[in-house]
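Engineer:
This is the structure we're talking about:
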């Protein structure tokens, strides 16, 4: 259920607490990749995008099968114990019988952020009508943002490009201490 | 509560199991049509579209009043007993006090497919600002896709045209046996 | 928790029952404004828009802190006791830890109207990518429509302009007595 083919190791990974940069986790959700039958082509794309565009390090990376309870538990662990700022999932957002990433994400989040998923789908629809089949969910648990990305590397890159102009600001807002919050006009 | 003015009869309808084509149900939700006070103008439009664009047969057709429990029970019966591949509802998605189709649909589905409803509304908004009043919900119960269409025949046709380039692929994904599933890259 | 800086007083306000015009409430959600540390810049913008574009009077106005239970209780009181036709909230829809307006709104509504929030975000995205961070929720409780607007006066004005072509029709539909309802074709 865990690999380091993305170039990072799973926790324990104490270095993630030694930087002021946002801490990012990549969770690949795929039965076949979890069984080792298929290389994970999307996580390296995510990692490259995050490092190049935001200079954020990947703190943790894991591959899990399309099991709702396993996905849910991993998300909660990464939010509550690793205190990640951002979790990017890839895979399991479609119509296939075992695609349950959105349901597991809803199980984990406390506050939904529907605008992110809407923006990703609207942008992708300009490329392909199949984008309307994405069931991606995005939301917050504590101060961690969870974003469901699709499974295909190409679609992953497109969706990250959609989020790019807003995501750093979103993470900044989440990292503010509650007692220093500046009121309700900070977001558009 | 049941008519065959759309040209098909309610079940039992064994022919629906004798084809490899997707099996489609049309559920019209309207107090006045259920009372026979108003002809159902939308179901024939749906039927014509489905037959012309996809060559799929309508396996079952029914008119029910705007009653949440009746709608919910019909949807569940058609998913769990008739094993339809697609249910297209028409009516009951607006702001009127008795419009409860979306709530009944949420009661029945297990996995929401928000991209379909978003795409229909976004496209319709290009025609009329009233499109933002559609509360349509789409989602999956088992391997059946349920799509809420609006009540007006014109809007029904527009929304089906929005779904047309993606719906056959969606149905294909749902009809795959779980053990033959090809991984998470099949959908964009 | 209550001020009249918007130029209207909190209830009791019997005049609101003496007109056939829709009755509108403005609920400002802001810790700092509730503590009197910051003037409420958005409510006057809402009031001006509602009066100028629709000639509707503001029946009630209140400022509450970012407390889910306080927001929820206020919304329910305004729906069930004041029988408002429209409640416009401002603030608390972002990513900050105390932004809980959408959650409190979901606690209060019975039927969601996702098309309004989608349309506001889609329009705002044409102005700024930060619009995708809006978590606004819209929905119905009884015959009252609740709309979450963002906190910034500029974004409030933009979002109201998005709703303007459809909102009066929405309110008309909600004010129809159930027994005079005209079937499911009234909305697009």
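Residue numbers (my numbering), protein chains in the order written: chain V, 1 to 188; chain S, 1 to 188; chain E, 1 to 188.
C-beta: ideal position from N, C-alpha, C; glycine also.
This one's a predicted model, so the numbers in the text were calculated from it and none came from an experiment.
Where do the ends of the beta strand (DSSP E) carrying residue 144 of chain E lie?
Structural biologist: Start and end: 144-149.
Engineer: Between the segment 124-141 of chain V and the segment 136-155 of chain E, can you find at least three pairs of beta-carbon atoms closer than 8 Å?
Structural biologist: The segment 136-155 of chain E is not in contact with the segment 124-141 of chain V.
Engineer: From what residue to what residue does the beta strand (DSSP E) around residue 57 of chain S run?
Structural biologist: Taken as a continuous stretch (DSSP letters only), the beta strand (DSSP E) holding residue 57 of chain S covers 57-64.
Engineer: Quick check on residue 48 of chain V: buried or exposed, where buried means 16 or more other Cβ atoms within 10 Å of its Cβ?
Structural biologist: Residue 48 of chain V is exposed by the Cβ-count criterion.
Engineer: Would residue 78 of chain E and residue 100 of chain E be called neighbours here (beta carbons separated by less than 8 Å)?
Structural biologist: Not a contact, by the Cβ cut-off of 8 Å.
Engineer: Compare the beta carbon distance of residue 90 of chain S and residue 46 of chain S with 8 Å and say whether it is the shorter of the two.
Structural biologist: In this structure, residue 46 of chain S lies closer than 8 Å to residue 90 of chain S by Cβ.
Engineer: Which residues in chain E sit within 9 Å of residue 169 of chain V, going by Cβ to Cβ distance?
Structural biologist: What residue 169 of chain V touches in chain E: 95, 129, 130 and 133.
Engineer: Flag residue 125 of chain V as yes if its beta-carbon sits less than 8 Å from any beta-carbon of chain S, otherwise no.
Structural biologist: Chain S, which has a Cβ nearer than 8 Å to the Cβ of residue 125 of chain V, makes this yes.
Engineer: For residue 67 of chain E, which residues in chain V fall below 7 Å Cβ to Cβ?
Structural biologist: Neighbours of residue 67 of chain E on chain V: none; closest Cβ ~13 Å, over 7 Å.
Engineer: Tell me, please, whether the CB atom of residue 118 of chain V is closer than 8 Å to any CB atom in chain S?
Structural biologist: Yes - at least one Cβ of chain S is within 8 Å of the one on residue 118 of chain V.
Engineer: Is the Cβ of residue 111 of chain S closer than 8 Å to any Cβ of chain V?
Structural biologist: Cβ-Cβ to chain V under 8 Å: yes for residue 111 of chain S.
Engineer: At a CB distance below 7 Å, what residues from the segment 143-167 of chain E approach chain S? Give them in sequence order.
Structural biologist: The segment 143-167 of chain E vs chain S, Cβ under 7 Å: 143, 165 and 166.
Engineer: From which residue to which residue does the alpha helix (DSSP H) around residue 115 of chain E run?
Structural biologist: From DSSP, the alpha helix (DSSP H) with residue 115 of chain E extends over 114-125.
Engineer: Using a Cβ-Cβ cut-off of less than 9 Å, give me the residues of the segment 30-62 of chain V that come near chain S, in sequence order.
Structural biologist: The segment 30-62 of chain V vs chain S, Cβ under 9 Å: 30, 31, 32, 33, 37, 38, 41 and 42.
Engineer: Please classify residue 18 of chain V: does DSSP put it in a helix, a strand, or coil?
Structural biologist: Below a pLDDT of 50, predicted positions are generally treated as unreliable, and residue 18 of chain V, at 45, falls in that range; no measurement from the model is reported.
Engineer: Would you verify that the beta carbon of residue 17 of chain V is, or is not, closer than 8 Å to some beta carbon of chain S?
Structural biologist: With a pLDDT of 47 at residue 17 of chain V, under the threshold of 50, the modelled position of that residue is not reliable, and no figure is offered here.
Engineer: Leaving out five residues before and five after residue 157 of chain V in sequence, what residues of the same chain have Cβ atoms less than 8 Å from its Cβ?
Structural biologist: 45 and 49.
Engineer: Name, please, each residue of chain V whose Cβ falls closer than 9 Å to the Cβ of residue 122 of chain E.
Structural biologist: Simply 118, 119 and 122.
Engineer: Could you pull the start and end residues of the alpha helix (DSSP H) that residue 156 of chain E belongs to?
Structural biologist: Segment 153-163, the alpha helix (DSSP H) holding residue 156 of chain E.
Engineer: Quick one, which of E:88, E:40 and E:33 has its alpha-carbon nearest residue 56 of chain E's?
Structural biologist: Here the closest residue by C-alpha is E:88.
Engineer: For residue 174 of chain E, collect the residues of the same chain with a Cβ closer than 8 Å to its Cβ; drop the 5 residues on either side in sequence, then sort them by chain order.
Structural biologist: Once the five neighbours on either side are set aside, the close Cβ partners of residue 174 of chain E are 85, 140, 143, 144 and 145.
Engineer: Give me the DSSP bridge partner(s) of residue 138 of chain E.
Structural biologist: Beta-bridge pairing links residue 138 of chain E to E:147.
Engineer: Quick one: Cα of residue 52 of chain E to Cα of residue 28 of chain E, how far?
Structural biologist: Those two C-alpha atoms are separated by around 20 Å.
Engineer: Please confirm whether residue 114 of chain V has its beta-carbon closer than 8 Å to some beta-carbon of chain E.
Structural biologist: True, the Cβ-Cβ gap to chain E drops below 8 Å.
Engineer: How would you list, in chain order, the residues of chain V whose beta-carbon sits under 7 Å from the beta-carbon of residue 88 of chain S?
Structural biologist: What residue 88 of chain S touches in chain V: nothing, since even the nearest Cβ is about 16 Å away.
Engineer: Residues of chain S with CB under 7 Å from residue 176 of chain V, in chain order?
Structural biologist: Within 7 Å Cβ-Cβ: nothing; residue 176 of chain V doesn't reach chain S, min ~29 Å.
Engineer: Could you tell me whether any Cβ in chain E is nearer than 8 Å to the Cβ of residue 140 of chain V?
Structural biologist: Answer yes: the Cβ-Cβ gap between residue 140 of chain V and chain E drops below 8 Å somewhere.
Engineer: Measure how close the beta-carbons of residue 163 of chain E and residue 116 of chain E come, nearest whole angstrom, since I'm counting them as under 8 Å.
Structural biologist: Rounded, the Cβ-Cβ distance is 6 Å, consistent with contact.
Engineer: Check the Cβ-Cβ distances between residue 77 of chain V and every residue of chain S, and say whether any is below 8 Å.
Structural biologist: For residue 77 of chain V, the answer is no, since every Cβ of chain S falls outside 8 Å of its Cβ.
Engineer: Quick one: what's got a C-beta closer than 7 Å to residue 119 of chain V's C-beta in the same chain, skipping five residues either side?
Structural biologist: For residue 119 of chain V, where only same-chain residues beyond five positions count, the Cβ hits under 7 Å are 162.
Engineer: Could you tell me the alpha carbon to alpha carbon distance between residue 69 of chain E and residue 97 of chain E, rounded to whole angstroms?
Structural biologist: When rounded, the distance between both Cα atoms is 15 Å.
Engineer: Please tell me whether, using a cut-off of 7 Å, the distance from the CB of residue 29 of chain S to the nearest non-hydrogen atom of the ligand ADP is below it.
Structural biologist: The ligand ADP is not among the ligands present in this structure, which contains no ligands whatsoever.
Engineer: By Cβ distance below 8 Å, which residues in the same chain neighbour residue 251 of chain S in space, the five residues on each side in sequence not counted?
Structural biologist: Any question about residue 251 of chain S goes unanswered here, given that chain S covers just 1 to 188.
Engineer: State buried or exposed for residue 37 of chain V, treating a residue as buried only when at least 16 other CB atoms are found within 10 Å of its CB.
Structural biologist: Its Cβ having fewer than 16 others within 10 Å, residue 37 of chain V is exposed.
Engineer: Please report the Cβ distance between residue 43 of chain V and residue 75 of chain V, rounded to the nearest whole angstrom; I am assuming they are in contact, meaning their Cβ atoms lie under 8 Å.
Structural biologist: About 16 Å; that fails the 8 Å criterion.
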